[in-house]
Amino acid sequence: MLAQRLERLYRVMADRRVDCLALMPGANLFYLTGLRFSLSERPLVAFLAPDRPPTLALPALEVTKAQRGPFPLVWQFFPYTDEEGPTVAFRRAAQALGIEGRRLAVEYLTMRVTELALLQQVVPHFDLVEAEPLLSTLRMTKEPEEVDRMRQAVRLTEAALQRVVDSLQPGMTEREVANRLWRAFLEEGAEGLAFEPLVLTGPNGALPHALPGGHPLRPGDMLIVDCGIVLDGYISDITRTFAVGEPDPEMAQIYQVVQRANEAGRAAAGPGVPAQEVDRAARRVIEEAGYGDFFIHRTGHGIGLEVHEPPYIVEGNGLVLQPGMTFTVEPGIYLPGRGGVRIEDDVVITEAGCESLTTFPRDLRRVG
Ligand code: ZN
Ligand code: ZN
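Last residue of the sequence shown? That's 383 in the working numbering, and every number before it is there in order.
Below is the structure:
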């Protein structure tokens with residue numbers, strides 16, 4: 016599987032006249048080599064070029080781990096000790112790769128000034144190319160095994176969410192609910208959380224990315240829970256909105272609108288459909304209900320190894336959806352000072368249309 020990914024990578028690099036690709040610790044490195052490293056103050060850069068052995072400039076203490084990597088890549092190592100520092104190792108790596116005067120793709124979203132400055136110091140002239148567009152053409156279309164992993168991640172998320180929702184009581188704070196989610200996810204077998212769970216109640220729900228705080232669950236308020244986990248490297252990202260006790264009539268009506276927008280977005284998604292059409296379909300429902308000004312974000316984002324990755328489901332994105340693409344459909348309405356509603360599903364484009372990996376019920380449920 017990884018060998019095929021590398022073959023595809025080298026073809027895409029040739030098409031775009033990229034000589035060498037530099038990868039930081041993170042999703043792209045994992046995707047292409049199976050190596051998982053965390054970002055630290057010690058620079059670690061992997062270099063992939065079709066005409067050279069895969070090359071790693073890295074702290075000496077990480078060499079054994081890289082040698083034992085899950086993939087039988089024969090790495091060329093350029094290690095450095097803490098005493099030496101990285102400069103000499105990076106210079107030797109750059110010479111071995113022949114980067115001077117060539118086109119080097121780097122991850123604009125991940126490479127830090129510290130690595131870029133190091134490269135510029137040891138290679139006086141090279142052309143910098145943005146690696147993300149090239150890598151997203153590979154990663155956007157998931158292999159069946161990747162979709163299976165995401166399906167497992169969603170299933171686990173839903174089981175934990177169900178447990179926590181069943182245990183909610185009025186008076187619990189957002190923070191307490193978030194802590195229960197953490198615990199339930201880890202107990203269910205998640206290897207980690209994809210992001211800090213968002214648990215927002217009452218007026219806080221109108222701030223799509225606020226952090227859970229000391230607000231208690233109060234009857235009449237809406238409760239937004241947005242959460243996801245990591246399983247075998249792949250993530251889930253699910254939002255459900257609940258009514259604490261008897262819902263406020265307008266919020267209950269808004270809920271119906273968001274539910275219909277979510278349905279419309281999923282119904283519009285399919286192979287051959289431009290990404291922006293999914294956004295339009297969901298947005299139209301909210302606009303026609305008179306809440307267009309209160310749907311303040313794109314309809315969705317790609318998911319996979321990262322929580323936000325292409326394809327983005329947004330006006331202006333004409334990218335044509337293909338079988339195997341995975342993304343969220345998450346329309347919302349946010350009324351400042353009052354609260355919000357969001358319903359977020361994880362979907363995969365199939366030959367026939369669009370399948371929701373998320374199966375958690377979407378009808379408005381009362382909790383507490
Ligand atoms: Zn989410
Ligand atoms: Zn999301």
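A virtual CB, placed ideally from N, CA and C, is assigned to each residue, including glycine.
- Message: So, under 8 Å CB-CB, PHE52 and CYS35 are touching, yes? Tell me the CB distance rounded to an integer number of Å.
- Response: Taking the first residue of the sequence shown as 1, we reach residue 52 at position 37. Taking the first residue of the sequence shown as 1, we reach residue 35 at position 20. That pair is no contact at about 19 Å.
- Query: Any chance the CB of VAL60 is under 8 Å from a heavy atom of ligand 2?
  - Reply: The count along the sequence shown starts at 1 and reaches residue 60 at position 45. No; taking the cut-off as 8 Å, the Cβ of VAL60 has no heavy atom of ligand 2 nearer than that.
- Query: How long is the line joining the alpha carbons of ALA284 and TYR95, rounded to whole angstroms?
  - Reply: Residue mapping note: residue 284 aligns to position 269 of the sequence shown, counting from 1. Residue mapping note: residue 95 aligns to position 80 of the sequence shown, counting from 1. ALA284 and TYR95: Cα-Cα distance of roughly 49 Å.
- Task: State buried or exposed for PRO85, treating a residue as buried only when at least 16 other CB atoms are found within 10 Å of its CB.
- Result: As a working mapping, residue 85 is identified with position 70 in the sequence shown. Exposed, because fewer than 16 other Cβ atoms sit within 10 Å of the Cβ of PRO85.
- Would a C-beta distance cut-off of 9 Å place ASP360 and THR373 closer than the cut-off? Within the sequence shown, numbered from 1, the residue matching residue 360 stands at position 345. Within the sequence shown, numbered from 1, the residue matching residue 373 stands at position 358. In contact: ASP360 and THR373 (Cβ atoms closer than 9 Å).
- LEU47, buried or exposed, once every other Cβ within 10 Å from all chains shown has been counted against 16: Here residue 47 refers to the residue found at position 32 when the sequence shown is read from its first residue. By the 10 Å Cβ count, LEU47 comes out buried.
- Message: For ASP142, count the other beta carbons within 10 Å of its own beta carbon; 16 or more makes it buried, fewer makes it exposed. Which is it?
- Response: Along the sequence shown, read from residue 1 onward, the residue named residue 142 stands at position 127. With fewer than 16 other Cβ atoms within 10 Å, it is exposed.
- Message: Looking at the secondary structure, which residues open and close the beta strand (DSSP E) in which LEU71 lies?
- Response: Against the sequence shown, residue 71 aligns to sequence position 56. Note, LEU71: beta strand (DSSP E), 70-74.
- C-beta atoms of LEU17 and PRO40 nearer than 9 Å: What you label residue 17 is simply residue 2 of the sequence shown in a count that begins at 1. What you label residue 40 is simply residue 25 of the sequence shown in a count that begins at 1. Not a contact, by the Cβ cut-off of 9 Å.
- What whole-angstrom Cβ distance do LEU232 and GLY186 have, given they're in contact under 8 Å? In the sequence shown, counting from the first residue as 1, residue 232 sits at position 217. In the sequence shown, counting from the first residue as 1, residue 186 sits at position 171. Indeed they touch by this definition, with Cβ atoms about 7 Å apart.
- Task: Would you check if the distance between the CB atom of ALA146 and the CB atom of VAL121 is smaller than 9 Å?
- Result: Locating residue 146 in the sequence shown gives position 131, counting from the first residue. Locating residue 121 in the sequence shown gives position 106, counting from the first residue. Their beta carbons are under 9 Å apart, which means ALA146 touches VAL121 by this criterion.
- Cβ-Cβ separation, ARG380 to PHE257 (assumed contact under 8 Å), whole Å: The residue you call residue 257 lines up with position 242 of the sequence shown. The residue you call residue 380 lines up with position 365 of the sequence shown. So it is a contact: roughly 5 Å between Cβ atoms.
- Take GLY339 and list the residues in its own chain whose beta-carbon comes closer than 6 Å to its own, dropping the five residues that flank it on each side. As a position in the sequence shown, residue 339 is number 324, starting the count at 1. If we look at GLY339 and ignore the five residues flanking it on each side, its Cβ neighbours are THR156 and LYS157.
- Message: What does the alpha-carbon distance come out to for the pair VAL273 and LEU38?
- Response: Translated into positions along the sequence shown, residue 273 becomes position 258. Translated into positions along the sequence shown, residue 38 becomes position 23. Straight-line Cα distance between these residues: approximately 40 Å.
- Task: Give a yes or no on whether the C-beta atoms belonging to VAL144 and ALA109 are separated by under 9 Å.
- Result: Against the sequence shown, residue 144 aligns to sequence position 129. Against the sequence shown, residue 109 aligns to sequence position 94. Going by C-beta atoms, VAL144 is not nearer than 9 Å to ALA109.
- Message: Within the continuous alpha helix (DSSP H) that includes MET266, where are the two ends?
- Response: Here residue 266 corresponds to residue number 251 of the sequence shown, with the count starting at 1. Here the alpha helix (DSSP H) through MET266 covers 264-283.
- From LEU171 to ARG164, what distance separates their C-alpha atoms? Sequence index remark: in the sequence shown, residue 171 carries index 156 (1-based). Sequence index remark: in the sequence shown, residue 164 carries index 149 (1-based). So the two alpha carbons sit approximately 11 Å from each other.
- Taking all protein chains shown into account, decide if PRO69 is buried (16 or more other Cβ within 10 angstroms of its Cβ) or exposed. To locate residue 69, count along the sequence shown from 1; it is residue 54. Buried, because 16 or more other Cβ atoms sit within 10 Å of the Cβ of PRO69.
- Return yes when at least one heavy atom of ligand 1 lies under 8 Å from the C-beta of GLY228, else no. Numbered from its first residue, the sequence shown carries residue 228 at position 213. Every heavy atom of ligand 1 is 8 Å or more from the Cβ of GLY228, so no.
- Query: Looking at the structure shown, is LEU36 part of a helix, part of a strand, or coil, going by DSSP?
  - Reply: The sequence position of residue 36 within the sequence shown is 21, counting from 1. It is a strand residue.
- Task: Please check the pair ILE387 and THR343, which I expect to be a contact at CB under 8 Å, by giving their CB distance rounded to whole angstroms.
- Result: Limits of the chain in this structure are 16 at one end and 383 at the other, which puts residue 387 out of reach.
- At a cut-off of 8 Å, is THR314 close to ligand 1 when judged by its beta-carbon and the heavy atoms of the ligand? Here residue 314 refers to the residue found at position 299 of the sequence shown. Distances taken from the Cβ of THR314 to the heavy atoms of ligand 1 include none shorter than 8 Å.
- Taking the Cβ atom as the reference point for each residue, do GLN177 and PHE309 lie within a distance shorter than 9 Å? On the sequence shown, residue 177 is found 162 positions in, with the first residue counted as 1. On the sequence shown, residue 309 is found 294 positions in, with the first residue counted as 1. By the CB criterion at 9 Å, GLN177 and PHE309 fall outside the cutoff.
- Opposite VAL363 in the DSSP bridges: which residues? The residue labelled residue 363 in the question sits at position 348 within the sequence shown. Paired residue(s): THR341 and GLU370.
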